[in-house]
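Notes follow the structure.
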Amino acid sequence: MTVEEKHAVMLDETHAPDRRSWVESANDPGSDFPIQNLPFGVFRRRGSDEPPRIGVAIGDAIADVRVLVEQRHLDAAGPAGGCALCGESLNAFMTQGPEVWNTTRRAVATLLDADEPALRDNASLRTQAIVAQRDAEMCLPAVIGDYTDFYCSIHHATNVGSMFRPDNPLMPNYKHLPVGYHGRASSIVTSPTPVRRPFGQTIAADADTPAFGPCRLLDYEMEMGFFVGPGNPLGTRIPLAAARSHIFGMVIVNDWSARDVQKWEYQPLGPFNAKNFLTSISPWVVTLAALEPYRVDGLARGADDPPVLDYLRPTEPAGFDVTVEVLIASAAMRDKGLDPVRVSTGNFQDMYWSITQMLTHHTSTGCNLRPGDLLASGTISGPTEDARGCLLERTWRGQHPIALPDGTERKFLQDGDEVIMRAAATGAGARIGFGECRGIVMPAE
Ligand code: MN
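With the first letter of the sequence shown counted as 1, position 239 gets the number 263 in my numbering; the numbers rise by one all the way through.
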């Protein structure tokens, strides 16, 4: 089904492309956060010492969900929804599952609808419940107990594989299972937290022994991640047909990577310190409900590809038509007032494995996933050069540097560089944006 056909079917009133909000900035066609989106996040008023609280982005503002629940304006979300929305993270809400998520979404949409006076015409309540995004600082949306990173772009896997194994770029397992590794949850931060260039152990091409010092080949990886909803008890599996009901929503992920460290350390157990120094996410969690009109068939398996095993065989479309892009601004560019330059544009529907396959495969041993766990896709690369989602691929290990408008070029990231990732579903109707995932590279210390 095409995006246009999906809109024609129209899932419920929250997806209606002509729906408008009394928060005027939400009706700007360029806004990432129209009333059709309603992503959840956790914030506090800038400079205050209030505990973190749950909010919903609307235009350039935030609806303070806790205030709305406490003042009985979200009773339609039901007691479970209401209670779960008053904490300092989204974990309790993520636990609830799609019925409560969607009831809450409809209730929030009603309250913010252009024709609904309850909040629109109540100036004192509006003052309490609507906060400008510029007056808020964003926190992690959830307490992330566990983090797993996959490797689901066949374009990325083929590119990286061919640098090291030109005749045999893909490992024999690649088309049979979504490859992943258990990452580090403690060092996940929200945009725009800076990244400190890490120290690490590396070995020069002409050296016999390694050295310890600042990473020289610092890279980003453009990824999408998703937060687990209810999850599963230890010893049980989540079948593919049920996987979607265990996914709350998605964020942009920047899996900062120390390539020189990675190259030396990764065999035989995979990434370790090359990946654990920082991972950045965008602060607003875009729900699967908001993305539903953009759910499409993923990348078709090739005619020569092996059949997928039954437990991973799709029963419904599970790709998402989400455009992703990476921009870089060096310190000199910022000083000169130059705009960030776009270095890649890709699409999340180009992934070989879907988010539901990732989740189902993760639990296929009986491994328990818990509410708030984060699973990320791996670098999102497409078939063309400008769709390569990390510098390792984009510059082909530094062989083809990228020219920046300040007159310098990049093989890998330099101190002072800011990496800006954006994502949005824009196929038809409303723009369902993810906001930004930013981070500036700070010198090693
Ligand atoms: Mn990664």
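In this text, a Cβ means the ideal position worked out from N, Cα and C, and glycines have one as well.
### Query
Which residue or residues does DSSP assign as beta-bridge partners of F344?
Translated into the one-based positions of the sequence shown, residue 344 becomes position 320. When DSSP reads this structure, F344 sits in a beta bridge with R319.
#### Entry: Bridge-paired residues (DSSP) for D88
Taking the sequence shown and counting its residues from 1, the one referred to as residue 88 is at position 64. Answer is G79.
### Task
May I ask you to report which of helix, strand or coil DSSP gives A100?
Counted from its first residue, the sequence shown places residue 100 at position 76. Three-state result, A100: helix.
### Query
For M187, is the classification buried or exposed, using 16 other Cβ atoms within 10 angstroms of its Cβ as the cut-off for buried?
Working through the sequence shown from its first residue, we reach residue 187 at position 163. Counting the other CB atoms within 10 Å of its CB gives M187 a total below 16, which places it among the exposed residues.
### Query
Using the rule of at least 16 other Cβ atoms within 10 Å of the residue's Cβ for burial, across every protein chain shown, is T380 buried or exposed?
Counting from 1 along the sequence shown, the entry for residue 380 is found at position 356. Buried, because 16 or more other Cβ atoms sit within 10 Å of the Cβ of T380.
#### Entry: Identified DSSP bridge partners for E123
As a working note, residue 123 is residue 99 in the sequence shown. DSSP links E123 through a beta bridge to no other residue.
### Message
I'd like the ranges of any beta strand (DSSP E) spanning at least 3 consecutive residues and lying wholly in the stretch 378 to 430.
### Response
You should have 398 to 400.
### Query
Taking the continuous beta strand (DSSP E) assigned at S210, which residues delimit it?
On the sequence shown, residue 210 is found 186 positions in, with the first residue counted as 1. It is not in any beta strand (DSSP E) - S210 carries neither H nor E in the DSSP assignment.
### Query
In or out: N278 buried (at least 16 other Cβ within 10 Å) or exposed?
Stepping through the sequence shown from its first residue, residue 278 is reached at position 254. Buried, since its Cβ has 16 or more Cβ neighbours within 10 Å.
### Task
Output the boundary residues of the beta strand (DSSP E) element that contains S304.
Working through the sequence shown from its first residue, we reach residue 304 at position 280. Run containing S304: 303 to 305, per the beta strand (DSSP E) assignment.
### Query
Any idea what DSSP makes of Y290, helix, strand or coil?
Walking along the sequence shown from the start, residue 290 turns up at place 266. Three-state result, Y290: coil.
### Query
Which class does R43 belong to by DSSP, given the choice of helix, strand or coil?
In the sequence shown, the residue the question calls residue 43 occupies position 19. DSSP, read as helix, strand or coil, puts R43 in coil.
### Query
Between T384 and the ligand MN, is the CB less than 8 angstroms from at least one heavy atom?
Here residue 384 refers to the residue found at position 360 when the sequence shown is read from its first residue. Not so, every heavy atom of the ligand MN lies at least 8 angstroms from the Cβ.
### Query
Which residues in the same chain have their Cβ closer than 6 angstroms to the Cβ of M466, if we skip the five residues on either side of it in sequence?
By one-based count along the sequence shown, residue 466 stands at place 442. Hits under 6 angstroms: P218, R220.
### Query
Taking the C-alpha atoms as reference points, what is the distance between S354 and P364?
In the sequence shown, the residue the question calls residue 354 occupies position 330. In the sequence shown, the residue the question calls residue 364 occupies position 340. Just so you know, the alpha carbons of S354 and P364 end up roughly 8 angstroms apart.
### Query
Can you give the Cα-Cα distance for S55 and I82, rounded to whole angstroms?
In the sequence shown, counting from the first residue as 1, residue 55 sits at position 31. In the sequence shown, counting from the first residue as 1, residue 82 sits at position 58. One Cα belongs to S55, the other to I82, and the distance between them is close to 9 angstroms.
### Rounded distance between the beta-carbons of A267 and T384, thought under 8 angstroms
Start at 1 with the first residue of the sequence shown, and residue 384 comes out as number 360. Start at 1 with the first residue of the sequence shown, and residue 267 comes out as number 243. Taking a contact as a CB-CB distance under 8 angstroms, the pair T384 and A267 counts as one, their CB atoms being some 5 angstroms apart.
### Message
Are there any heavy atoms of the ligand MN lying less than 8 angstroms away from the beta-carbon of T403, as far as the coordinates show?
### Response
Your numbering for residue 403 matches position 379 in the sequence shown. Relative to the non-hydrogen atoms of the ligand MN, the Cβ of T403 comes within a distance shorter than 8 angstroms of at least one.
#### Entry: Contact set for A153: own chain, Cβ-Cβ below 7 angstroms, skip 5 residues either direction
The residue labelled residue 153 in the question sits at position 129 within the sequence shown. Result list for A153: A87, D88, V91, L92, L143, in chain order.
### Alpha-carbon to alpha-carbon, K435 and R421
Counting from 1 along the sequence shown, the entry for residue 421 is found at position 397. Counting from 1 along the sequence shown, the entry for residue 435 is found at position 411. Approximately 7 angstroms, taken between the alpha carbons.
### Message
Given the structure, does E417 come close to the ligand ZN, in the sense that its CB is under 8 angstroms from one of the ligand's heavy atoms?
### Response
Among the ligands modelled here, namely the ligand MN, the ligand ZN does not occur.
### Query
From H180 to P295, what does the alpha carbon distance come to, in whole angstroms?
Reading the sequence shown from its first residue, position 156 is the one you call residue 180. Reading the sequence shown from its first residue, position 271 is the one you call residue 295. C-alpha separation (whole angstroms): 16 angstroms.
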